[in-house]
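Worksheet for the structure shown next.
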Amino acid sequence: MIKRVKGMDPEFQEYAAKVESEINRGLSSVCVLSIINEYGEQGVYGYQISKDLEERTNQMLIIEEGTLYPLLRNLQRDGIIKSYREKGGRRRKYYSLTKYGKKVFNYLAGFYSKLTEAIGSLFDVKVDLQSDRYIFCPMCANKIDLSSGVQKFCDACGHHLEDELKSRGIKNE
Amino acid sequence: MNEQVLDDIVNEYLKKVKKALPDWLKDKKEHKEILADLSEHIWQKAKELSETNQANEMSVQKAISFMGSPQAIAKEYKRRGEPKVFITKEMWPLYTRVLGIVFVVIIALTVFGSVVSYFTEITSLETMIASIVEGIQVGILTAFAIITIIFAALSMEGYFPEDFKSKKEQRMKKELVKKAAAEGLPYSEVEGKPIKPFIKPVGEIIGGCIGLIFGIIFLLQPFDPNILIPDFSILLRFFGAIITIQGSLDISRGIIGNHKPTTHQVIHGFTIAAKLAVIPLLIILMNRPEIFPWFSTPWIQVGIPVEFYEPYRVIMTVIIVIVCLTTIEDIYKIIKIEKYKI
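The listed protein sequences derive, respectively, from chains A and B.
Under the working numbering, the first residue of the first sequence carries the number 412, and numbering increases by one thereafter.
Under the working numbering, the first residue of the second sequence carries the number 238, and numbering increases by one thereafter.
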């Protein structure tokens, strides 16, 4: 982000860009997974991911577009995402989450949401966790979507979610 | 703008990316897919950046600038593996294995070379030992430096151990993973994959049976009692008892198979004790060449002739060293089996 600004103190800009890049590094994986998750089973191709990332984050999360592909390759190697190549046309490679990847993503999304909420006070900002739509496992912060049905246990750590469901008046049967 | 010129600009960039990519990717021919993805990305971006929805030189150049430098892309591919000192965590087991193998080869060659030169050049025992120690020191230090530099360089390039394996080997490993999962074999915490079976049960049982047969023969000595000098006969019975115990321990490990790692460790502990018990017996035998079986005609044991005392003692020393090395191997196995406890 700061790299785009012209006429800044180069020493400050270099340092700020370095820290920004370090923060973005871990964050970009979660954001890329989030975009892939939104496209479901049909999957999404590299360019679309990069475009969505730019638009959805209001050009705040900038990654060099070429570095998206090594990231996708690593995610695929780790069994988080799978891919297939279009048979005709432009032969684009489409990426979608694996079952295991979905589990990893839910956990990362939960952890990141809770983290941003927790550190919000440090920067005097407030994060809305949309608690009416999601439960965050008190043990591991896994994000559980209530719209996809009530589940008794956290699918990441196995914690019994009885208290959390009760506190929201949801019947756990 | 001529399409050929635009193609040339994109191809020039892709050529630079290809050059910067690590060799392990190129060896697997994966770079073709990577370059195809990048090319597709650049063209689509260039089209969108252009006002006419047709790629032009400026939009292509801009699209390429968004991609990042070839070095930055390559750096991301190289960025795999968790750093552990200068060598990644993923390369560490292979590094230690290579070091171990090379060290053993160096030790074996140095000992073999020194023993051969001892006999051919008729040097003294002290000179031979000094030459073994010096050879091992220099060899190990040199090998350590070279291997460490190579592995640090490979880690920086983002190599993983599987990059050195053929597709067939990788397929076999996958089958091993499936088999291990089906048999409930433990997983390595370091690699996160099933560990190869730590013993070959059939081999252990066969080896143990052979040991047991020899042990019982030495113990019972089912032949003419006058054929051996009584002192040697007593020593042989001790050897027989120890070999019988070792054989039984091997058989029991074979029967247990690749399970109960703690029991394996305990059995290895007993094996170490048995092996150490052999050493004093070998020292006694080394110092009493006159009782060692050496037959004259007719069939009477006369002990080793005096002129062969020196080589006899060297051979016994080598045997003692081998026993010590196998004892160290048992200690290594105890440490190695620790990983199987899950």
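Even glycine gets a Cβ: it sits at the ideal position worked out from N, Cα and C.
Being a predicted model, the structure only gives us computed values, none of them experimental.
Contact between P438 (chain B) and G491 (chain B) holds: CB atoms are separated by about 4 Å, below the 8 Å threshold. Contact residues of the segment 461 to 489 of chain A toward chain B are S461, K462, I474, E475, E476, G477, T478, L479, Y480, P481, L482, L483, R484, N485 and R488 (C-beta to C-beta distance below 9 Å). In this structure the segment 531 to 542 of chain A does not lie against the segment 483 to 495 of chain A, because fewer than three pairs of beta carbons, one per stretch, are closer than 8 Å. A distance of 8 Å or more separates the beta carbons of E465 (chain A) and M304 (chain B). Annotation for R484 (chain A): the continuous alpha helix (DSSP H) segment containing it runs L479 to R488.
Taking a Cβ-Cβ cut-off of 9 Å, the neighbours of I271 (chain B) in chain A comprise Y480, P481 and R484, given in sequence order. R474 (chain B) and L457 (chain B) have their C-alpha atoms roughly 7 Å apart. In terms of Cβ geometry, I436 (chain B) and I488 (chain B) do not form a close pair [threshold 8 Å]. Contact note: A309 (chain B) reaches chain A through E475, G477 and T478, using a C-beta cutoff of 9 Å and chain order. When secondary structure is reduced to three states using DSSP, K252 (chain B) falls in the helix class. Interface residue (Cβ-Cβ distance to chain B less than 8 Å): G499 (chain A) is not classified as such. It is roughly 13 Å from the alpha-carbon of E240 (chain B) to the alpha-carbon of M295 (chain B). Among the CB atoms of chain B, none fall inside 8 Å of the CB of G454 (chain A).
Apart from sequence neighbours up to five positions away, the residues of its chain that approach V254 (chain B) with a beta-carbon distance below 6 Å are P307 and I310, ordered along the chain. For I504 (chain B), there is no enclosing beta strand (DSSP E); the residue is found in the alpha helix (DSSP H) stretching over P498 to N524. When C-beta atoms of the segment 320 to 336 of chain B are compared with those of the segment 496 to 503 of chain A, fewer than three pairs fall below 8 Å, so the two segments do not count as touching.
Listed by position along chain A, the residues whose Cβ is nearer than 8 Å to that of Y314 (chain B) are P481 and R484. By alpha-carbon distance to D264 (chain B), the top candidate from B:F349, B:K404 and B:V341 is B:K404. The C-beta of T289 (chain B) has fewer than 16 other C-beta atoms within 10 Å across all chains shown, which makes the residue exposed.
The bridge partners DSSP lists for Q470 (chain A) come to none.
Burial is judged here by how many other beta carbons sit within 10 angstroms of a residue's own beta carbon; V455 (chain A) has at least 16 and is buried.
Looking only at B:D468, B:P498, B:I520 and B:E575, the smallest Cα-Cα distance to V558 (chain B) is reached by B:I520.
Contact annotation: E313 (chain B) and T478 (chain A) have beta-carbon atoms nearer than 8 Å. Within 10 angstroms of the beta-carbon of T527 (chain A) lie fewer than 16 other beta-carbons, which makes it exposed. In this structure, F397 (chain B) places its C-beta atom within 8 Å of the C-beta atom of E327 (chain B). Within 10 angstroms of the beta-carbon of K415 (chain B) lie fewer than 16 other beta-carbons, which makes it exposed. Within the same chain, Cβ atoms closer than 7 Å to the Cβ of L472 (chain A) are found at N435, L438, S439, C442 and L464, the five residues on either side in sequence being excluded. Assigned with DSSP and collapsed to three states, P259 (chain B) falls in coil, not helix or strand.
The Cβ neighbour count for D489 (chain A), taken over all protein chains shown within 10 Å, is under 16; the residue is labelled exposed. In the structure shown, D556 (chain A) falls within a strand segment according to DSSP collapsed to helix, strand and coil. Pairing I571 (chain B) with G506 (chain B), the inter-Cα distance amounts to about 8 Å. Going by C-alpha positions, A478 (chain B) is about 7 Å away from I453 (chain B).
The segment 303 to 377 of chain B is shown to contain whole alpha helix (DSSP H) runs of 4 or more residues at 307 to 315 and 329 to 357, in chain order. Of the candidates B:P330, B:I271, B:I450 and B:I556, B:I450 places its Cα closest to the Cα of I482 (chain B). Fewer than three pairs of CB atoms, one per stretch, sit closer than 8 Å, so the segment 564 to 572 of chain A makes no contact with the segment 267 to 274 of chain B. Contact with chain A is found for F303 (chain B), since one of that chain's Cβ atoms lies less than 8 Å from the residue's Cβ.
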